[in-house]
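Student: In this note's numbering, the protein residues as written are 313 to 819.
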């Protein structure tokens with residue numbers, strides 16, 4: 313029965329890498345490299361990548377590549393090219409023995425070994441044949457193999473992007489119309505995409521669950537929630553999951569909470585781990601805050617009044633700006649960090665009564681969601697790991713001008729930045745907020761360095777320096793427009809706050 317085949321760019325990329333090496337090997341121009349295709353479980357490595365590689369291998373001339381062996385799901389298939397026959401093996405070890413026998417006779421072949429659900433010992437596979445392993449990122453599955461064959465080359469596979477899901481959705485609806493399964497007037501791609509996008513945000517961009525039936529998708533949501541509940545109630549553990557960029561954790565919950573990504577960083581491609589979805593990111597951030605609060609409460613019990621307040625200010629960090637009394641006391645201790653020869657100026661927060669001066673709502677955001685309006689009166693916190701320049705921000709409205717107040721908590725005596733980070737900040741803001749190009753031109757900007765009680769106070773304006781990369785002058789211009797202030801969360805502020813609180817109670 314004829315059907316369509318959907319081939320991802322990631323699968324084609326893997327195919328090209330393997331094909332280049334095979335072509336050189338078959339022409340005696342190079343060594344046949346072992347490869348290992350690594351990707352998050354559920355992206356289609358077995359059905360898509362493995363199948364495409366098999367299709368490619370079976371199109372080489374039989375006299376060049378006499379045998380292709382395909383190991384998958386605990387079973388194996390051996391394709392005898394010249395004899396135009398295929399042998400199926402219920403037990404992979406029997407197929408491994410057959411491959412070893414052909415190798416001893418000088419037969420030239422290639423192996424695709426899908427490690428999902430496999431119990432065979434891959435270390436016994438012949439070194440003279442080419443081989444592609446297909447695996448999840450859990451290193452224990454292939455550690456011994458790559459240790460013995462140190463020249464094994466990894467091919468990292470990215471998860472699906474939104475555009476790929478949209479393409480699948482549109483083509484599926486097209487086929488349904490062509491085959492008279494639905495009427496054209498009943499097609500509503502926009503509504504269908506909202507359903508798919510909601511699934512992506514909940515579980516992660518994996519077709520196994522996003523494009524599955526309702527029961528399969530809901531079962532995955534339950535599994536993700538279960539993985540969240542089973543996490544250790546430990547602050548360091550949550551921070552490790554959120555910020556661990558390279559190590560794939562060995563717990564069985566890993567692939568439900570973390571996905572593998574392959575990105576170009578400063579001209580080089582690197583493999584990183586990222587939290588799977590916006591839903592998981594928000595839940596992890598919530599757990600992190602709860603763990604921080606529990607740790608803080610233990611400290612509060614053991615310390616005096618002034619220390620309690622200073623610690624409270626430090627722990628609350630950005631949230632302190634959402635409390636009017638606290639914000640009022642903080643502003644009194646702001647220190648302006650002027651440009652050279654610039655006169656002292658007050659922060660926009662020094663003007664009481666301005667709309668948005670004290671944010672009333674909290675909004676956490678990621679860069680892969682839908683664009684939103686930048687609203688006054690909302691404290692924005694990025695969920696993006698290592699968000700550039702700031703820890704959060706909010707908008708304040710004055711007559712005829714709006715100001716974005718950027719917040720940065722730091723212990724460092726200096727907090728200079730680089731043009732590249734300024735460029736990354738502008739890029740992220742453009743992905744998150746509608747009309748950012750207009751906003752960054754029209755709005756005024758301030759940054760407040762919030763320093764801990766035990767840190768050395770920043771005394772001079774912080775600079776944005778060039779790192780030699782090709783970032784345009786617009787990034788520097790943005791930084792130069794930012795008015796800088798510093799405040800230290802010290803015992804004086806704590807004392808003022810306690811005195812102010814007492815006066816309020818007495819009144």
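Even for Gly, the Cβ is constructed at its ideal location relative to N, Cα and C. Bear in mind that the values here come from a model prediction, so they are computed numbers and not experimental data.
Please confirm whether residue 593 and residue 585 have their CB atoms less than 8 Å apart.
Tutor: no
Student: Please report the distance separating the alpha-carbon of residue 386 from that of residue 494.
Tutor: 39 Å
Student: Is there contact between the stretch 459–471 and the stretch 341–350, where contact requires at least three CB pairs shorter than 8 Å?
Tutor: yes
Student: How about residue 727 and residue 761: do their beta carbons lie closer than 8 Å?
Tutor: yes
Student: On a CA-only basis, which of 656, 665 and 653 is nearest residue 637? Give me that one, please.
Tutor: 665
Student: Am I right that residue 800 and residue 756 are in contact with their C-beta atoms under 8 Å? What's the rounded C-beta distance?
Tutor: Incorrect: roughly 24 Å between the Cβ atoms, too far for contact.
Student: Using 8 Å as the threshold, is the stretch 441–459 in touch with the stretch 481–489, meaning 3 or more CB pairs across them?
Tutor: no
Student: Mind checking which residues open and close the beta strand (DSSP E) that includes residue 387?
Tutor: 387–392
Student: Strictly by DSSP, which residues pair up with residue 446?
Tutor: 349 and 426
Student: What's the gap between the Cα of residue 560 and the Cα of residue 539?
Tutor: Model confidence at residue 560 stands at a pLDDT of 47, short of 50, so the residue's coordinates are unreliable and nothing is read from them.
Student: Please work out which residues of its chain come closer than 6 Å, Cβ to Cβ, to residue 326, disregarding the five sequence neighbours upstream and downstream, and give them in chain order.
Tutor: The residues are 349, 361 and 467.
Student: For the alpha helix (DSSP H) containing residue 457, list its first residue and its last residue.
Tutor: Note, residue 457: alpha helix (DSSP H), 455–460.
Student: Whether or not the stretch 693–701 and the stretch 649–664 are in contact is what I'm after, with contact meaning three or more pairs of Cβ atoms, one per stretch, closer than 8 Å; do they touch?
Tutor: no
Student: Going by beta carbon distance, what residues of the same chain come within less than 6 Å of residue 369, once the five residues before and after it are set aside?
Tutor: Around residue 369: 380 and 422.
Student: Going by DSSP, name the residue or residues bridged to residue 704.
Tutor: 719
Student: Return the Cβ separation of residue 320 and residue 516 in integer angstroms, given the expectation that the two are a contact with Cβ distance under 8 Å.
Tutor: Actually they do not touch by this definition, with Cβ atoms about 16 Å apart.
Student: Taking 8 Å as the cut-off, decide whether the C-beta atoms of residue 776 and residue 723 are in contact.
Tutor: no
Student: Rounded to a whole number of angstroms, what is the C-alpha to C-alpha distance between residue 669 and residue 717?
Tutor: So the alpha carbons of these two residues sit roughly 9 Å apart.
Student: Per DSSP, what kind of secondary structure is residue 542 in: helix, strand or coil?
Tutor: coil
Student: Short of 7 Å in beta carbon distance, which residues of its chain neighbour residue 354, apart from the five on each side in sequence? Order them along the chain.
Tutor: 518, 520 and 521
Student: Look at the Cβ atom of residue 738, then the Cβ atom of residue 758, and state whether they are nearer than 8 Å.
Tutor: no
Student: With DSSP as the reference, label residue 362 as helix, strand or coil.
Tutor: If DSSP states are grouped into helix, strand and coil, residue 362 belongs with the helices.
Student: Assuming residue 681 contacts residue 794 under a Cβ cut-off of 8 Å, what Cβ separation, rounded to an integer in Å, is found between them?
Tutor: At roughly 26 Å, the Cβ-Cβ gap does not stay under 8 Å, so residue 681 and residue 794 are not in contact.
Student: Skipping 5 residues on each side, what residues in its chain have a beta carbon closer than 6 Å to that of residue 400?
Tutor: So the qualifying residues of the chain are 389.
Student: Which residue comes first and which comes last in the beta strand (DSSP E) that contains residue 383?
Tutor: 379–384
Student: Within 10 angstroms of its Cβ, does residue 750 collect 16 or more other Cβ (buried), or is it exposed?
Tutor: So residue 750 counts as exposed.
Student: Would you report the Cα separation of residue 534 and residue 410, rounded to the nearest angstrom?
Tutor: Cα atoms of residue 534 and residue 410: separation of roughly 43 Å, rounded to the nearest angstrom.
Student: Determine the DSSP secondary structure at residue 828, reduced to helix, strand or coil.
Tutor: Coverage of the chain is limited to positions 313 through 819, which leaves residue 828 absent and any answer about it impossible.
Student: Does DSSP classify residue 694 as helix, strand or coil?
Tutor: strand
Student: In the DSSP assignment, the beta strand (DSSP E) including residue 374 goes from what residue to what residue?
Tutor: That residue, residue 374, is in no beta strand (DSSP E); it is neither H nor E in DSSP.
Student: Once you ignore the five residues that flank residue 337 on each side, which residues in its own chain have a CB closer than 6 Å to its CB?
Tutor: A distance below 6 Å between beta-carbons, with the five flanking residues on each side excluded, links residue 337 to the following residues of its chain, in chain order: 344.
Student: With a threshold of 7 Å on Cβ separation, who are the neighbours of residue 324 within its own chain once the five nearest residues in sequence on each side are excluded?
Tutor: Shown here for residue 324: not one same chain residue has a beta carbon closer than 7 Å to its own, the five before and five after excluded.
Student: With the cut-off set at 8 Å, would you say residue 500 and residue 322 are in Cβ contact?
Tutor: no
Student: When the Cα atoms are used, what is the spatial distance from residue 318 to residue 492?
Tutor: Looking at the two C-alpha atoms, the distance is approximately 21 Å.
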